[in-house]
Amino acid sequence: MDDEDLQQSLERAKRFLKTDYADRGMVKWQGYFLSDHTEDVSKYSEKRRDAAERADLQEMSPVAISDCLLEAYAQHRPVTIQLRNHTAAGHSSPFYHGMVSGIQGDQLVLLTDKVQQRFLFEDILWVGDLI
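Position in the sequence shown (first residue = 1) + 56 = our numbering.
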């Protein structure tokens with residue numbers, strides 16, 4: 057292709073973009089945004105359904121809770137705990153999974169996903185094996 061042919065091609069492209077081409081603007085992105093929104097709504101709905109279906113487990117005595125936690129600590133075994141508090145919507149507490157790191161005063165230190173969380177012993181409703 058020589059310089060003259062290239063120049064003519066560029067002129068045709070320039071004329072097409074200036075007169076014939078209509079950019080659809082944001083319309084071309086709506087399918088992308090819609091799929092992301094649908095995915096977010098699906099995740100949110102699943103979380104709400106799980107929270108609504110979750111129920112309090114059988115309350116354990118403080119002695120039973122201490123025994124389970126001490127055993128899990130000694131055996132380096134993960135545990136699951138449920139607190140006796142409820143969300144603002146009245147749903148039961150979620151389950152917390154992790155390794156018992158220790159005890160500080162009246163608090164349990166639980167290592168969950170590489171983050172230490174502290175829970176008051178009086179707030180613990182149930183302790184058990186990893187669910």
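All residues carry an ideal CB built from backbone N, CA and C; glycine is no exception. Fair warning: this is a prediction, and the values are worked out from it, not measured in the lab.
- Buried is the label assigned to residue 138, since at least 16 other Cβ atoms lie within 10 Å of its Cβ.
- Taken atom to atom, the span from the alpha-carbon of residue 111 to that of residue 78 is near 56 Å.
- With 16 or more neighbouring CB atoms inside 10 Å of its own CB, residue 149 falls in the buried class.
- Secondary structure note for residue 59: its alpha helix (DSSP H) is the uninterrupted segment 59 to 71.
- Under DSSP, residue 177 forms no beta bridge with any residue.
- Counting only runs of 3+ residues, the beta strand (DSSP E) found wholly inside the region 111 to 143 occupies 134 to 139, in chain order.
- Secondary structure note for residue 168: its beta strand (DSSP E) is the uninterrupted segment 163 to 168.
- The bridge partners DSSP lists for residue 185 are 135.
- Cβ contact annotation for residue 183 (same chain, cutoff 7 Å, sequence separation greater than five): 116, 121, 124, 125, 135, 137, in chain order.
- In this structure, the straight-line span from the alpha carbon of residue 58 to that of residue 90 is close to 46 Å.
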